[in-house]
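Quick note, the sequences are listed as chains A and B, same order. One gets my numbering by counting positions in the first sequence from 1 and adding 80 to each. One gets my numbering by counting positions in the second sequence from 1 and adding 1 to each. By construction, the Cβ of each residue, glycine as well, lies at the ideal position given by its N, Cα and C atoms. Just so it is clear, the structure is predicted and the values come from calculations on it, not from any experiment. Notes to accompany the following structure.
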Amino acid sequence: MDSDEAVALLGDPVRRELYRFVAAQGRPVGRAEAAEAAGVARGLAAFHLDKLVDAGLLTAEFKRLGERTGPGSGRPAKAYRRSGTEHLVSLPPRDYRTLALILAEVVDLLGGDELAEEAARRAGRKLAAGDQSGSVRELLARQGYEPYEEDGVLRLRNCPFHVLAGEHPLLVCSMNLSLCQGLLGDGATAGLDPRPGECCVVVSKINKN
Amino acid sequence: MHLAQLNVAHLLAPLDSPQLADFVALLEPTNVLSDAAPGFVWRLKGGEDPTDTVQHDYGDDLVINFSVWESREALWNFVYRSRHLAVLQRRREWFQRIAVPYSVMWWVPEGELPDLAEGMARLERLRTGGPGPEAFTFKEFYDPVSA
Numbered sequence: 081m082d083s084d085e086a087v088a089l090l091g092d093p094v095r096r097e098l099y100r101f102v103a104a105q106g107r108p109v110g111r112a113e114a115a116e117a118a119g120v121a122r123g124l125a126a127f128h129l130d131k132l133v134d135a136g137l138l139t140a141e142f143k144r145l146g147e148r149t150g151p152g153s154g155r156p157a158k159a160y161r162r163s164g165t166e167h168l169v170s171l172p173p174r175d176y177r178t179l180a181l182i183l184a185e186v187v188d189l190l191g192g193d194e195l196a197e198e199a200a201r202r203a204g205r206k207l208a209a210g211d212q213s214g215s216v217r218e219l220l221a222r223q224g225y226e227p228y229e230e231d232g233v234l235r236l237r238n239c240p241f242h243v244l245a246g247e248h249p250l251l252v253c254s255m256n257l258s259l260c261q262g263l264l265g266d267g268a269t270a271g272l273d274p275r276p277g278e279c280c281v282v283v284s285k286i287n288k289n
Numbered sequence: 002m003h004l005a006q007l008n009v010a011h012l013l014a015p016l017d018s019p020q021l022a023d024f025v026a027l028l029e030p031t032n033v034l035s036d037a038a039p040g041f042v043w044r045l046k047g048g049e050d051p052t053d054t055v056q057h058d059y060g061d062d063l064v065i066n067f068s069v070w071e072s073r074e075a076l077w078n079f080v081y082r083s084r085h086l087a088v089l090q091r092r093r094e095w096f097q098r099i100a101v102p103y104s105v106m107w108w109v110p111e112g113e114l115p116d117l118a119e120g121m122a123r124l125e126r127l128r129t130g131g132p133g134p135e136a137f138t139f140k141e142f143y144d145p146v147s148a
């Protein structure tokens, strides 16, 4: 299925609601839980969730969702999580990713990482200047980081630069940290504390709400 | 097969200098992190003290990391998806920039430990001949050749 067809599936409001709920949890979500969140019957939720799996937007696995284990705990239930597959839709066609990968390689070859970090910090400040409303968390959410709280810090579930970070991790993660620092200014402290599958930055010492 | 990695870095100042103090202080937590990382198999130690660096004959300014991992993913997650990344990010404070590859990987049979001279020879091979199945990098990675 092409990306535009996959994305078109999200035109259905129930499907969109289910997709957003599952994506926001960052863990496998069962049918009943997703149905309740979307306010629809479990059967209808199951139908739409499986459509999203067919389109490659979600993945399904079988998992014990309850606390109980062993005999009497029932068979594993179908659970859904967001797929790692990226869908880019641009009309007319644009391809910024290929160019970004080439430029990242050039920065690496030139040893220009410090300049790149400075440029990223400036870009972060510029983004912040145009977006003064709301909390630190909302600001990060609008940049696509999907922040969530854990142990008193904000962790970021999504890396907006995932493909680039896979090719040039040191450069891209350092630039991303600088970008976040520029974005947050004096409002909070950003540092590197990566985990597999998430963004490399954590945000602590939030000074405003 | 397991994945061996050797990486080398040229110090900007002696290990006992103030300039390297932060790096030396980070040795123990970083080594603890690597030894506990999922998929970690082995690393060459300089001694029993966690701050001991690898002893070698390749020059006093050269710091060597030499380790074996269960898979590319295990090594990647330690290098780039753990607190090790923050140490790596500060490398300019402590190490020279070099234009040649400073890191090399190759596959070793499970249970076998590679030796340092072999690793240095593979790094040289990468530097002179470019990446291949015997000496490669994350960016130009080679899967193990099935027997």
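- Listed by position along chain A, the residues whose Cβ is nearer than 8 Å to that of Y59/B form an empty set, because the closest Cβ is around 23 Å away.
- A Cβ-Cβ distance of about 39 Å is found for the pair Y81/B and P93/A, leaving them out of contact under the 8 Å criterion.
- Distance from the CA of E229/A to the CA of R235/A, rounded to the nearest whole angstrom, comes to 6 Å.
- Contact between the region 278-289 of chain A and the region 251-269 of chain A is present: 3 or more CB-CB pairs across the two stretches fall below 8 Å.
- F142/A and A157/A have their alpha carbons spaced roughly 5 Å apart.
- Put simply, the region 94-103 of chain A touches the region 115-122 of chain A. At least three CB pairs are less than 8 Å apart.
- At a cut-off of 8 Å between beta-carbon atoms, C253/A makes contact with chain B.
- The straight-line gap separating the alpha-carbon atoms of S215/A and F139/B is approximately 38 Å.
- A208/A places its beta carbon 8 Å or farther from that of L259/A.
- Taking T165/A as the centre and dropping the five residues before and after it, the same chain places the C-beta of G136 closer than 6 Å to its C-beta, in chain order.
- One finds nothing in chain B with a Cβ atom closer than 7 Å to the Cβ of G262/A; even the nearest lies about 16 Å away.
- In this structure, L21/B lies away from A10/B, with their beta-carbon atoms at least 8 Å apart.
- Its Cα nearest to that of D84/A, the residue P172/A stands out among Y99/A, G154/A and P172/A.
- DSSP places A159/A inside the beta strand (DSSP E), whose first and last residues are A157 to R162.
- Excluding the 5 residues flanking it on each side, V186/A has no same chain C-beta neighbour closer than 7 Å.
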